[in-house]
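> Just passing along the structure, written as structure tokens.
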Amino acid sequence: MLKFLPKGMTPLRQNMIDEEIAKMIAKDFQPFSVVEDKGFKNYCLALNPSYVLPARKTLSQKIIPKLYDRQRESLQAELSKASAVCITSDSWTSRATSSFMAVTCHYIEDYKMKSCLLDCFEVSERHTSENLAEELLK
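Those letters in the sequence shown? Residues 1 to 138, per UniProt numbering, in order.
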């Protein structure tokens, strides 16, 4: 019967769950404050009473940047193996009339095309070829 009870929280397990929450926030476009929501706290407590949710400051200043660095290194390693890489850009204007540009990288790995977003940023200048080229070179 004891095997069904939640086990104590080891530092390794705590870090793993913290990272999974950070991934959930990034993938599902959740605010960092989700860790302060009563329902989310109760849910985590029900899963494992030993788990302590990270503060949103910890998420935004430590956990997310660490995941970003790890993902960036992984992507750089993957791209260094690619025999060829194609970079595309796309510009658009939102309904609120803010202009954006996205830069995407495409490559082939194991006979499958892969794409990854390299950057997405607001463009404050007019969408002339000179201005867009200047933004891409930044």
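Positions of the beta carbon are idealized from the N, C-alpha and C atoms, including for glycine.
So L136 and S94 are in contact, right, with Cβ under 8 angstroms, and what is the actual spacing, rounded?
In fact, because the Cβ distance is near 20 angstroms, the residues do not count as touching under 8 angstroms.
> Does the count of Cβ pairs from the region 55 to 63 and the region 78 to 88 closer than 8 angstroms reach three?
Too few Cβ pairs lie closer than 8 angstroms, so no.
> Go through the region 90 to 138 residue by residue and report every complete run of the alpha helix (DSSP H) that reaches 4 residues or more, in order.
Fully enclosed alpha helix (DSSP H) runs of 4 or longer: 129 to 137.
> Measure the C-alpha to C-alpha separation of Y111 and L75 and round it to an integer number of angstroms.
Approximately 18 angstroms between the Cα atoms of the pair.
> Among C120, M101, L117, Y107, whose alpha-carbon lies nearest the alpha-carbon of L126?
Before going on, a small fix: residue 126 reads as Arg here, not Leu. That would be M101, whose Cα lies nearest to the Cα of R126.
> Short of 8 angstroms in beta carbon distance, which residues of its chain neighbour C120, apart from the five on each side in sequence? Order them along the chain.
Excluding residues within five positions, the ones whose Cβ falls inside 8 angstroms are F100, M101, A102, V103.
> On the three-state DSSP scale, how would you describe T10?
Coil at T10, not helix or strand.
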